[in-house]
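Student: Protein chains in written order, with this note's numbering: chain V, 1 to 202; chain P, 1 to 202.
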DNA sequence: AAATGGTTTAACCAAATAGTTAAAATAAAT
DNA sequence: ATTTATTTTAACTATTTGGTTAAACCATTT
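(1) Residue 210 of chain P: buried (16+ other C-beta within 10 angstroms of its C-beta) or exposed?
(2) Return helix, strand or coil for residue 75 of chain V, following the three-state DSSP convention.
(3) With the cut-off set at 8 Å, would you say residue 119 of chain V and residue 60 of chain V are in Cβ contact?
(4) Would you give the residue range spanned by the alpha helix (DSSP H) that residue 185 of chain P belongs to?
(5) Can you give the Cα-Cα distance for residue 20 of chain P and residue 185 of chain P, rounded to whole angstroms?
(6) When the Cα of residue 25 of chain P is compared with those of P:51, P:196, P:43 and P:42, which residue comes out closest?
(7) Report the neighbours of residue 102 of chain V on chain P: residues whose CB is nearer than 8 Å to its CB, in chain order.
(8) Of all the CB atoms in chain P, is at least one closer than 8 Å to the CB of residue 87 of chain V?
(9) With a threshold of 8 Å between beta carbons, is residue 192 of chain P in contact with chain V?
(10) Classify residue 9 of chain V: buried if its beta carbon has 16 or more other beta carbons within 10 angstroms, exposed otherwise.
(11) Just the Cα atoms here: how many angstroms apart are residue 193 of chain P and residue 199 of chain V?
(12) Once you ignore the five residues that flank residue 91 of chain V on each side, which residues in its own chain have a CB closer than 6 Å to its CB?
(13) Are residue 136 of chain P and residue 79 of chain P closer than 8 Å when you measure CB to CB?
(14) Just grab the DSSP bridge partners of residue 142 of chain P for me.
(15) Please report the distance separating the alpha-carbon of residue 147 of chain V from that of residue 147 of chain P.
(16) Quick one: is residue 153 of chain V near chain P, going by C-beta distance under 8 Å?
(17) Using only the alpha-carbon positions, how far apart do residue 164 of chain V and residue 70 of chain P sit?
(18) Using only alpha-carbon positions, find the residue among P:195, P:174 and P:183 that is nearest to residue 95 of chain P.
(19) Taking a cut of 7 Å between CB atoms, which residues from the segment 113-139 of chain V lie near chain P?
(20) Residue 156 of chain V and residue 173 of chain P: beta carbons closer than 8 Å?
(21) With DSSP collapsed to three states, give me the class of residue 28 of chain V.
(22) Is residue 30 of chain P closer than 8 Å to residue 22 of chain P when the C-beta atoms are compared?
(23) Between residue 66 of chain V and residue 113 of chain V, is the Cβ-Cβ spacing less than 8 Å?
(24) Near residue 2 of chain P, what residues of its chain come up, given a Cβ to Cβ distance below 8 Å and the 5 sequence neighbours on each side ignored?
(25) With residue 104 of chain P and residue 175 of chain V assumed to form a contact (beta carbons below 8 Å), what rounded beta-carbon distance in angstroms separates them?
(26) Are there 16 or more other CB atoms within 10 angstroms of the CB of residue 49 of chain V, so buried, or fewer, so exposed?
(27) Exposed or buried, what is residue 6 of chain V when buried is set at 16 or more other beta-carbons lying within 10 Å of its beta-carbon?
(28) Since residue 146 of chain V meets chain P, which of its residues come closer than 8 Å, beta carbon to beta carbon?
(29) What did DSSP end up calling residue 98 of chain V once you bin it into helix, strand or coil?
(30) In whole angstroms, what separates the C-alpha of residue 73 of chain V from that of residue 170 of chain P?
(31) Any heavy atom of the ligand NAD closer than 7 Å to the CB of residue 138 of chain P?
(32) Within 10 angstroms of its Cβ, does residue 149 of chain V collect 16 or more other Cβ (buried), or is it exposed?
(33) Measuring straight from C-alpha to C-alpha, what distance separates residue 212 of chain V and residue 98 of chain V?
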């Protein structure tokens with residue numbers, strides 16, 4: 001008895017921490033055990049193999065992202081609302097967890113087959129998003145851009161700076177982390193203004 | 001005698017192939033040797049360790065990107081020219097080497113210290129870019145956006161779809177690679193139109 | 001043809017690492 | 001108190017993998 005549920009959570013959290021920063025190949029079971037404050041044997045007692053543990057972690061991270069995306073759609077009736085809440089949500093998330101997108105993208109790249117099942121089991125109703133985007137793209141006051149292109153643009157503008165933080169800090173901000181943080185603070189507002197300037201007529 | 005120069009090129013090419021797809025941790029010296037059509041001993045004979053080989057490969061990939069970026073700046077006198085040639089250049093590059101950005105970003109993330117030296121030795125004169133961007137941001141016909149934000153936006157819009165191709169194919173294009181390819185074909189034009197719509201007054 | 005120096009091979013070594021086992025310890029439930 | 005499930009310890013195995021060694025090979029030079 002003693003713990004069990006608590007321990008499982010502790011392990012998942014520790015595994016998330018290590019996998020997210022080091023990736024599947026770079027992560028060590030010993031380091032996960034140390035981070036969780038337990039030993040390796042117990043780690044294998046709970047999750048039989050590294051792969052199984054990784055799958056749990058990746059699924060939880062991914063499901064989390066999708067759940068939040070879904071929440072965003074639910075409350076949006078216009079394209080402005082959608083963009084505003086999407087960008088706000090992701091900035092809030094990524095400021096405290098900036099390593100998540102790089103992790104997800106790298107692991108999907110490593111084994112693209114996992115994503116198929118993940119999307120199936122994600123329960124995300126894409127139709128709702130498509131319907132909203134399509135409806136809004138018909139508006140008189142909005143330029144006739146391809147809605148998919150615009151959607152990818154909003155996602156790119158939001159997520160890329162986090163994925164590329166290393167290169168941006170080194171290349172553009174001369175290694176000055178504070179300048180980069182300041183850039184990120186202003187980024188959200190910039191995205192909203194920039195996208196509005198692009199898609200609205202007049 | 002015999003070969004040597006040819007063999008070295010063969011190894012670098014093979015190493016690039018494997019490192020780019022698997023990352024440093026995921027790459028295996030044996031696989032690099034196999035890909036190069038030689039054996040592991042010869043691999044170590046040419047490049048003493050995995051790290052040394054990786055450094056060579058990474059440096060060459062990175063230097064290549066920087067060189068092309070530099071070329072872009074050289075021929076640009078206006079912001080329109082800069083954006084046009086930047087986007088064109090990267091689309092041309094990335095269509096045949098779509099894995100490069102994910103690779104670079106992942107490795108910089110894994111060991112951010114490498115980028116400092118790389119940038120030093122890259123010979124990129126950032127001042128030229130800054131001068132151009134700053135000069136152009138003063139133009140009467142252009143909205144007063146923060147030029148750094150705009151620059152990051154152009155980079156994000158261009159590169160992110162390649163970094164996130166796996167998730168975009170799975171999530172947005174339902175696993176249909178052809179739809180994604182089509183999306184990429186239209187992406188360049190979209191970026192140019194979208195950015196122009198955003199930054200020009202009236 | 002003999003010497004030279006780069007090239008190739010196969011067998012090998014050492015370290016790291018995922019995973020196992022079995023026994024002891026601990027704490028809660030009965 | 002006994003049982004039961006969880007946790008710890010520590011030693012161990014098997015495999016992978018980066019790296020080494022030494023001998024053989026081959027092309028060119030002398």
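Note that CB positions come from ideal geometry on N, CA and C, so glycine has one too.
Here the structure is a predicted model, which means the values were calculated and not measured.
Tutor: With the given structure in hand:
(1) No answer is possible for residue 210 of chain P: it lies beyond the span of chain P, which begins at 1 and ends at 202.
(2) Residue 75 of chain V falls in the coil class under three-state DSSP.
(3) For residue 119 of chain V and residue 60 of chain V, no; Cβs fall outside 8 Å.
(4) 177-199 is the extent of the alpha helix (DSSP H) around residue 185 of chain P.
(5) Taking the Cα positions, residue 20 of chain P is about 23 Å away from residue 185 of chain P.
(6) Distances from the CA of residue 25 of chain P to each of P:51, P:196, P:43 and P:42 were compared; the closest alpha carbon is that of P:51.
(7) Annotation: Cβ neighbours of residue 102 of chain V in chain P (cutoff 8 Å, chain order): 105, 106 and 109.
(8) Proximity of residue 87 of chain V to chain P, defined by a Cβ-Cβ separation below 8 Å, is not satisfied.
(9) So, not an interface residue.
(10) Residue 9 of chain V is exposed by the Cβ-count criterion.
(11) Between residue 193 of chain P and residue 199 of chain V, the alpha-carbon positions lie close to 10 Å from each other.
(12) Cβ neighbours of residue 91 of chain V beyond the five flanking positions: 188.
(13) In this structure, residue 136 of chain P places its C-beta atom within 8 Å of the C-beta atom of residue 79 of chain P.
(14) According to DSSP, which records beta bridges pairwise, residue 142 of chain P is partnered with P:200.
(15) Residue 147 of chain V and residue 147 of chain P: Cα-Cα distance of roughly 26 Å.
(16) For residue 153 of chain V, the answer is yes, since a Cβ of chain P falls inside 8 Å of its Cβ.
(17) Looking at the two C-alpha atoms, the distance is approximately 19 Å.
(18) When C-alpha distances from residue 95 of chain P are compared across P:195, P:174 and P:183, the shortest belongs to P:183.
(19) Against chain P - using a Cβ distance shorter than 7 Å - the residues of the segment 113-139 of chain V are 115, 116 and 119.
(20) The Cβ atoms of residue 156 of chain V and residue 173 of chain P lie no closer than 8 Å to each other.
(21) Residue 28 of chain V: coil per DSSP, three-state reduction.
(22) Not in contact: residue 22 of chain P and residue 30 of chain P (Cβ atoms no closer than 8 Å).
(23) Contact flag unset, no.
(24) In this prediction, residue 2 of chain P scores a pLDDT of 49, lower than 50, which makes its location untrustworthy; the coordinate-derived value is nonetheless stated afterwards. The answer is none, since no qualifying residue turns up.
(25) Not quite, the Cβ-Cβ distance comes to about 17 Å (not below 8 Å), so this is no contact.
(26) Label assigned to residue 49 of chain V: exposed.
(27) Under this definition residue 6 of chain V is an exposed residue.
(28) Within chain P, 186 and 190 have C-beta atoms less than 8 Å from the C-beta of residue 146 of chain V, given in sequence order.
(29) It is coil, neither helix nor strand.
(30) Roughly 19 Å between the two C-alpha positions.
(31) What this structure holds is no ligand at all, so the ligand NAD is not there to describe.
(32) Its Cβ being crowded by 16 or more others within 10 Å, residue 149 of chain V is buried.
(33) Residue 212 of chain V falls outside the range modelled here, since chain V spans only 1 to 202, and no answer is possible.
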